[in-house]
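Residue numbers (the working numbering), protein chains in the order written: chain A, 89 to 479; chain B, 89 to 479; chain C, 89 to 479; chain D, 89 to 479. Ideal Cβ placement from N, Cα and C applies to all residues, glycine included. As the structure is a computational prediction, the values presented were derived from the model and not from experiment.
Following this line, the structure appears as structure tokens:
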């Protein structure tokens with residue numbers, strides 16, 4: 089695949105980045121991810137709203153100083169004018185800014201790689217979906233866990249009917265390391281994801297809940313349709329919800345649960361899913377991502393492992409090394425970049441492997457329905473359309 | 089402990105059994121459990137309502153034929169009259185019969201060891217609680233999983249504050265072997281637990297949900313107070329619920345979830361709990377019962393193992409062998425018998441190690457509140473008192 | 089099976105015990121094991137050479153005081169004369185006493201259940217083999233781990249060719265809890281197994297190595313034929329070897345390793361095996377005895393679990409409870425008693441499920457060859473015959 | 089760290105590669121590894137001895153065609169002359185070629201990154217050690233598993249005395265996937281590692297045994313001093329050994345075992361170690377590299393995890409992501425490149441984190457001693473000096 093992209097283009101893809109400066113964890117994660125396969129070259133950026141951090145970050149990435157911008161609008165405008173301008177941009181800023189940034193680059197003909205949650209509201213998400221549709225550019229939402237080979241294997245097995253009819257969908261992203269389980273003594277030290285002003289009181293559903301929701305839909309191929317929710321604020325001095333229990337109905341009759349938490353003390357990461365059909369079940373935990381447990385009714389538990397014989401082509405294409413050489417998180421993330429590069433180079437995504445703007449909208453709808461349900465005492469709420477828009 | 093009982097009594101405890109004949113899985117389980125420590129001697133029984141099975145079962149247990157009874161009333165009456173009559177009786181019949189059998193033996197001065205769920209309704213459960221209180225006899229509800237040393241260790245750690253404030257309580261008993269995941273082609277082949285007429289449509293909550301609920305309350309020392317429930321019938325041709333999702337509030341402000349299922353295909357047993365406090369969490373799975381995972385905030389995961397140095401006295405007293413020699417299910421069950429023998433012999437249960445009639449009532453109240461909640465669209469329902477009774 | 093024994097005999101098997109008093113861990117282990125299925129009744133004993141311990145132990149077991157003996161010879165003589173004399177005797181004394189005790193009971197027509205290692209020397213072991221053959225009584229060596237259902241499953245799979253040709257045999261019993269990893273400050277506090285005078289310098293090979301060796305031969309059905317050994321004394325102040333590394337050749341061309349250790353600090357038990365054939369491999373660890381890992385060449389790892397569909401009859405007959413209800417160590421040990429009871433009641437052991445005197449002899453030959461090899465600088469030594477006897 | 093290198097140099101390190109063309113697994117592995125942190129730029133190569141593969145590989149890497157060479161000597165000569173010539177070269181060819189290639193680049197002032205095993209013979213290894221010493225250039229042997237954060241944590245814990253005195257050292261690299269467990273029908277299809285002509289009959293010890301040996305020495309900080317070996321050829325039609333059992337003495341009195349295998353059927357990778365001291369033990373398995381098990385004498389087992397609080401600085405510096413985001417094999421390998429970049433940029437390796445030519449020599453000495461021991465019937469052989477050279 090990597091050879092294919094270079095051969096087709098005769099060069100690496102030129103990439104820009106908004107946000108994600110040297111002080112950003114997610115920025116460095118994206119950089120590792122797009123470096124892995126050698127298909128991208130970072131050539132431009134508005135890496136921070138702080139000019140000093142922006143400049144230092146640009147130097148560290150060996151950017152041409154004149155392509156280190158102080159605002160994304162200037163960057164979009166200038167890069168669109170250059171003959172060697174960027175092909176694609178990574179948006180690694182807080183979610184309330186994603187819509188306007190994405191729209192700005194899309195309308196100038198630049199592909200967009202966007203962090204999750206996609207936007208702050210379902211209304212914004214709908215607008216972004218429409219902007220993507222109205223452009224002729226590509227868009228990917230970096231739900232990075234969909235890049236794991238064994239997640240893709242699970243998806244293919246569900247599609248191929250290996251589970252029979254899907255009945256129960258258990259997913260959780262329940263973390264509890266000190267950084268999220270406790271509020272700082274000084275509220276001013278709060279990360280933006282713990283501020284109600286940033287993403288609303290239900291920010292947890294965008295931050296971690298979105299991954300659990302997305303992976304459940306990704307693997308089952310079914311959208312959530314109704315939700316009954318219980319949202320709580322548990323940590324002292326916290327102003328947003330930090331634990332969300334959702335019971336969910338899915339298309340086709342499956343039901344399930346989603347649990348998002350920052351106060352599952354002692355858990356390091358906590359993303360996992362279990363999908364139960366009438367013939368078999370699958371279980372996957374992000375902390376041991378090389379293994380997908382398959383348990384047929386009445387049969388033994390089988391540990392399917394990355395890159396091993398008999399896996400689906402979609403899973404095998406997402407691996408680089410032989411079985412037993414753990415690929416891990418960065419290479420899963422890199423798979424999104426590699427697949428996106430293939431699309432940019434003109435290949436087709438016949439399998440829908442990459443998370444879309446529609447997926448981002450689905451999550452925002454879930455968040456809003458969950459909030460309504462919680463406010464109404466756990467009443468079942470349809471996801472339906474976002475407020476004021478026809479679905 | 090075993091020496092203590094024999095020394096105090098100068099003999100083994102004389103035991104009778106109602107139900108649990110040779111065709112009964114749970115009957116043989118009880119027999120293994122009470123044989124392990126050599127503290128009991130089975131001397132009487134009404135082992136089956138089928139006279140042939142009753143007689144064959146009595147022969148297999150080498151009972152004196154005249155102490156093999158055809159009905160529990162005769163048995164209670166005659167044994168109460170004998171000088172060498174039974175000290176205690178095991179009730180291993182379906183739940184709708186427990187109340188009258190228990191009352192009959194209690195009022196004749198015979199201790200009662202009762203299978204779960206305790207009764208069919210909360211109203212019956214309340215009557216049984218009162219009958220126990222009115223008698224001077226002992227009663228234990230065989231929630232056998234409370235006999236595991238590492239469950240008791242968990243309970244002691246919560247009590248001692250090792251978790252800080254308990255915040256989240258996750259428990260499940262989600263099974264899916266062929267025997268429960270599928271209905272037989274011929275409805276007449278149904279086990280009584282899958283008949284609405286026997287325990288009502290919510291039988292699953294009594295059968296497996298009761299264990300998850302009981303273990304959550306046992307370990308945390310907190311009663312459930314409110315519930316929001318989603319009950320489903322998923323397997324084809326089934327007439328009772330076979331999946332129950334409960335969100336639960338506990339005394340003291342903790343919240344949690346209980347999941348009971350017969351359609352978690354591929355899971356062999358499926359009882360587990362995770363308890364999260366603000367300082368640490370605990371995790372235990374019945375299928376690996378020797379290990380209790382302790383994870384302190386920001387600390388490494390620690391695998392506490394049965395019988396190892398530093399465990400609580402309550403846990404250590406519940407073990408027989410050195411660490412690394414798995415004790416398993418039968419010996420956990422045997423711990424209930426061993427502890428009950430100590431009570432019969434006059435020791436005191438200062439720690440409340442054995443499940444009580446009040447615990448049984450708590451489960452029946454949960455079942456009824458969950459049913460009301462489900463019927464009302466997942467509305468929050470208080471457990472409160474059972475219908476028509478002051479709580 | 090248990091019904092079968094009682095039905096055939098019309099009573100329980102009458103059992104005596106030599107050694108194993110109230111101060112003996114192994115004694116109580118045997119008692120739990122023979123109680124589980126209700127097939128035995130302990131009626132006589134020479135439970136300790138200390139008269140007070142013997143008497144207290146007898147009272148705790150509710151023995152008739154006149155059947156509590158002070159020496160095994162008197163016990164054998166008197167019991168053989170009684171009409172209600174014991175059918176079988178358990179020998180739970182140190183190994184250097186086994187030969188004379190076993191011979192005494194066998195010649196008086198009493199079946200023998202003997203602890204391992206069988207004797208102190210290969211010469212004694214040969215004499216015991218001959219005494220068993222010369223008698224018409226039954227003998228079982230309590231290599232208790234052979235009672236685990238998944239060990240028997242492994243054995244059946246090897247026999248049935250599921251692994252193809254057996255090539256590599258890895259087994260270890262490497263412990264390291266404080267009780268064995270460190271010598272007491274006062275040499276007088278030493279357990280007999282750490283005294284050279286008791287079992288020789290290579291006592292570790294009889295004590296724990298015998299289990300690893302036995303289970304390797306039991307599962308593969310192949311005898312060790314040559315050994316190259318490295319024996320070390322590692323713990324301070326210790327006078328016997330506490331670590332043994334053996335490289336072993338087996339009949340049929342397989343090779344492998346045996347590791348026995350008391351200084352594998354941090355390991356609680358440490359018995360495990362891995363058997364590799366040219367088509368597949370098996371792995372089992374005593375600390376998770378419910379699972380047998382099966383890995384076919386190029387296939388996924390499969391977790392075969394106790395009592396599940398598709399296991400061999402020999403494995404299924406060794407289980408009592410449904411899958412997911414861990415049976416553990418005591419019930420594995422109980423399987424030896426249950427199988428031995430069936431033999432006493434007249435059933436046939438067509439499958440050779442129970443460890444024999446020949447198995448005990450094989451271990452003693454290994455020990456002696458390993459000692460010779462170590463003394464000769466790890467030279468390959470044939471197990472051959474014991475000194476002075478034709479093999 | 090990555091910022092540091094770029095800041096110091098003001099550019100990326102210019103890298104060349106010998107071998108490792110598009111048809112080479114190890115070549116692509118190196119490329120992923122050096123891309124991850126963005127510190128290197130591949131600018132030259134003699135990527136294959138096949139001119140077409142060399143050219144295609146160079147195009148895929150976007151090399152300037154005039155820097156795609158057909159032989160390493162021309163490459164070394166020309167690159168040394170260019171102002172923008174390579175700083176370092178990766179040697180990814182078969183081992184018998186390493187010495188001459190390494191010497192050629194070293195003497196022209198180019199740093200060397202060399203695949204393992206370092207050379208074919210101990211004599212060659214000694215010459216390479218001397219060549220490195222005689223040059224003022226840097227050399228690293230890519231024993232990639234030393235890059236794992238939890239391997240470095242283990243090393244630091246041993247150094248800090250967390251285990252007490254090291255006593256037992258168990259390491260293995262026992263693989264058995266179809267690619268290595270079976271010979272192709274047609275001997276001409278053999279990989280070079282299965283040809284006696286390439287690395288000798290004991291090639292397995294260089295290929296996989298070298299990793300097990302290296303990691304044992306790396307973690308314990310002790311060199312192997314004597315070995316007793318059993319080498320076998322097990323797979324049909326194979327002409328080299330495919331199973332090696334080594335018992336090993338280490339400096340300071342520790343003993344241990346090394347197992348290298350291609351016929352451990354069903355194992356995917358198989359590298360692991362267990363180190364036992366008198367106070368505690370450590371266990372690590374490459375297939376779950378995020379976890380280092382620490383078991384103190386009499387204490388619970390503790391799962392130390394990558395990037396978590398309390399780890400050693402050497403371990404924490406080798407991580408990029410928060411705990412619970414598995415870093416895997418490629419990022420472990422990348423750590424060697426990152427550390428080597430820091431050395432090139434002028435930082436000091438005060439901790440000896442990178443495998444050296446001396447380490448490579450130690451392995452070759454082990455291989456030769458093991459071969460002598462096996463030929464002499466498992467006799468203990470000192471590693472001593474390589475033949476004809478003073479050690």
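Next on the checklist: So, at 6 Å on beta carbons, what are the nonlocal neighbours of residue 193 of chain C in its own chain, with the 5 sequence-adjacent residues on each side left out?
Outcome noted: Sequence index remark: in the third chain, residue 193 of chain C carries index 105 (1-based). Closer than 6 Å at Cβ, skipping near neighbours: 164, 177, 200.
Checklist entry - If you drop the 5 nearest sequence neighbours on each side, which residues of the same chain put their C-beta closer than 8 Å to that of residue 434 of chain B? => result Reading the second chain from its first residue, position 346 is the one you call residue 434 of chain B. For residue 434 of chain B, where only same-chain residues beyond five positions count, the Cβ hits under 8 Å are 96.
Checklist entry - Which of the three DSSP states, helix, strand or coil, is assigned to residue 193 of chain A? => result Taking the first residue of the first chain as position 1, residue 193 of chain A is located at position 105. Looking at residue 193 of chain A - three-state DSSP - the assignment turns out to be helix.
Checklist entry - Measuring CA to CA, which of B:117, B:144, B:155, B:94 is closest to residue 104 of chain B? => result Within the second chain, the letter at position 16 stands for residue 104 of chain B. Comparing Cα positions, the closest option is B:155.
Checklist entry - Using a C-beta cutoff of 7 Å, does residue 209 of chain A count as contacting chain C? => result For this step, residue 209 of chain A is matched to residue 121 along the first chain. No, residue 209 of chain A does not count as interfacial toward chain C.
Checklist entry - For residue 367 of chain C, does the three-state DSSP call read helix, strand or coil? => result One-based indexing of the third chain puts residue 367 of chain C at position 279. Residue state, collapsed to three classes: coil.
Next on the checklist: Just to check my reading of the structure: residue 407 of chain D and residue 395 of chain D have Cβ atoms closer than 8 Å, yes? What is that Cβ distance to the nearest angstrom?
Outcome noted: Locating residue 407 of chain D in the fourth chain gives position 319, where the first residue counts as 1. Locating residue 395 of chain D in the fourth chain gives position 307, where the first residue counts as 1. Rounded, the Cβ-Cβ distance is 4 Å, consistent with contact.
Next on the checklist: Can you check whether the C-beta of residue 94 of chain C is within less than 7 Å of a C-beta belonging to chain B?
Outcome noted: As a first step, residue 94 of chain C must be located in the third chain, where it is residue number 6. Interface residue, yes.
Item to check | Buried or exposed by the 16-neighbour rule on C-beta atoms within 10 Å, applied to residue 272 of chain C | outcome: Stepping through the third chain from its first residue, residue 272 of chain C is reached at position 184. With fewer than 16 Cβ atoms within 10 Å of its Cβ, residue 272 of chain C is classed as exposed.
Item to check | Enclosing alpha helix (DSSP H) for residue 390 of chain C [first to last residue] | outcome: To locate residue 390 of chain C, count along the third chain from 1; it is residue 302. No alpha helix (DSSP H) contains residue 390 of chain C, which is instead part of the beta strand (DSSP E) from 389-393.
Item to check | Distance CB(residue 346 of chain D)-CB(residue 334 of chain D) smaller than 7 Å | outcome: Looking up residue 346 of chain D in the fourth chain gives position 258. Looking up residue 334 of chain D in the fourth chain gives position 246. Yes, the Cβ-Cβ distance between residue 346 of chain D and residue 334 of chain D is below 7 Å.
Next on the checklist: Bridge partners for residue 105 of chain A per DSSP, in chain order?
Outcome noted: In the first chain, the residue the question calls residue 105 of chain A occupies position 17. According to DSSP, residue 105 of chain A bridges with A:133, A:178.
Item to check | Three CB pairs or more closer than 8 Å across the region 390-404 of chain C and the region 205-225 of chain C | outcome: no
Checklist entry - Within the 7 Å Cβ cut-off, does residue 370 of chain A reach chain C? => result Indexing the first chain from 1 puts residue 370 of chain A at position 282. With 7 Å as the cut-off, residue 370 of chain A does not count as an interface residue toward chain C.
Next on the checklist: By alpha-carbon positions, which one of C:206, C:92, C:135, C:131 ends up nearest to residue 171 of chain C?
Outcome noted: Numbered from 1 along the third chain, position 83 holds the residue referred to as residue 171 of chain C. Closest option to residue 171 of chain C, Cα to Cα, is C:131.
Item to check | Beta carbon of residue 189 of chain D nearer than 7 Å to that of residue 160 of chain D | outcome: Within the fourth chain, numbered from 1, the residue matching residue 189 of chain D stands at position 101. Within the fourth chain, numbered from 1, the residue matching residue 160 of chain D stands at position 72. Cβ distance < 7 Å, so residue 189 of chain D and residue 160 of chain D count as in contact.
Next on the checklist: Residues in the same chain with beta-carbon distance under 6 Å from residue 384 of chain D, minus the five sequence neighbours each way, listed in chain order, please.
Outcome noted: Reading the fourth chain from its first residue, position 296 is the one you call residue 384 of chain D. Within the same chain, residue 384 of chain D has close Cβ partners 368.
Item to check | residue 466 of chain A in three-state terms, based on DSSP | outcome: The residue labelled residue 466 of chain A in the question sits at position 378 within the first chain. Correct three-state label for residue 466 of chain A: coil.
Next on the checklist: For residue 325 of chain B, count the other beta carbons within 10 Å of its own beta carbon; 16 or more makes it buried, fewer makes it exposed. Which is it?
Outcome noted: Your numbering for residue 325 of chain B matches position 237 in the second chain. Burial call: exposed.
Checklist entry - If you drop the 5 nearest sequence neighbours on each side, which residues of the same chain put their C-beta closer than 7 Å to that of residue 432 of chain C? => result The residue you call residue 432 of chain C lines up with position 344 of the third chain. Contacts found: 101, 175, 176, 199, 226.
Next on the checklist: Distance check for residue 387 of chain C and residue 293 of chain D, CA to CA, integer angstroms please.
Outcome noted: The count along the fourth chain starts at 1 and reaches residue 293 of chain D at position 205. The count along the third chain starts at 1 and reaches residue 387 of chain C at position 299. Whole-angstrom Cα-Cα distance: 26 Å.
Checklist entry - With a CB to CB cut of under 7 Å and the five nearest residues on each side skipped, what residues in its chain are close to residue 411 of chain C? => result For the purposes of this step, residue 411 of chain C is taken as the residue at position 323 of the third chain. Answer for residue 411 of chain C: 393, 394, 395, 396, listed in chain order.
Item to check | residue 333 of chain A at chain B interface by Cβ criterion, 7 Å | outcome: Locating residue 333 of chain A in the first chain gives position 245, where the first residue counts as 1. Yes, residue 333 of chain A lies at the interface with chain B (some Cβ there is under 7 Å from its Cβ).
Next on the checklist: Please classify residue 241 of chain D as buried or exposed, where buried requires at least 16 other C-beta atoms within 10 Å of its C-beta.
Outcome noted: By one-based count along the fourth chain, residue 241 of chain D stands at place 153. Burial call: buried.
Checklist entry - In three-state DSSP terms, what is residue 224 of chain C? => result Here the question's residue 224 of chain C lines up with position 136 in the third chain. Note: residue 224 of chain C maps to coil in three-state DSSP.
Next on the checklist: Quick check on residue 476 of chain B - is its C-beta less than 7 Å from some C-beta in chain C?
Outcome noted: The residue labelled residue 476 of chain B in the question sits at position 388 within the second chain. In this prediction, residue 476 of chain B has a pLDDT of 46, which is less than 50 and means its spatial position is unreliable; nothing more can be read from the coordinates.
Next on the checklist: Am I right that residue 290 of chain A and residue 329 of chain A are in contact with their C-beta atoms under 8 Å? What's the rounded C-beta distance?
Outcome noted: Taking the first residue of the first chain as position 1, residue 290 of chain A is located at position 202. Taking the first residue of the first chain as position 1, residue 329 of chain A is located at position 241. That pair is a contact at about 6 Å.
Item to check | Residue environment, residue 445 of chain A, which counts as buried when at least 16 other CB atoms sit within 10 Å | outcome: Locating residue 445 of chain A in the first chain gives position 357, counting from the first residue. Counting Cβ neighbours within 10 Å, residue 445 of chain A comes out buried, since at least 16 surround it.
Item to check | CB contact check: residue 256 of chain A to chain C, cutoff 7 Å | outcome: The count along the first chain starts at 1 and reaches residue 256 of chain A at position 168. No, because no Cβ of chain C sits closer than 7 Å to the Cβ of residue 256 of chain A.
Checklist entry - Taking the Cβ atom as the reference point for each residue, do residue 466 of chain C and residue 466 of chain D lie within a distance shorter than 7 Å? => result As a first step, residue 466 of chain C must be located in the third chain, where it is residue number 378. As a first step, residue 466 of chain D must be located in the fourth chain, where it is residue number 378. Yes, these two residues count as a Cβ contact at 7 Å.
Checklist entry - When Cβ atoms are compared, which residues of the region 389-404 of chain C fall closer than 8 Å to chain A? => result 389, 390, 391, 392, 393, 396, 397, 398
Item to check | Limits of the unbroken alpha helix (DSSP H) element including residue 427 of chain D | outcome: The residue you call residue 427 of chain D lines up with position 339 of the fourth chain. Per DSSP, residue 427 of chain D belongs to the alpha helix (DSSP H) from 416-432.
Item to check | Chain-order list of residues whose beta-carbon lies under 6 Å from that of residue 122 of chain A (same chain, five-residue window excluded) | outcome: Here residue 122 of chain A corresponds to residue number 34 of the first chain, with the count starting at 1. Cβ neighbours of residue 122 of chain A beyond the five flanking positions: 128, 425.
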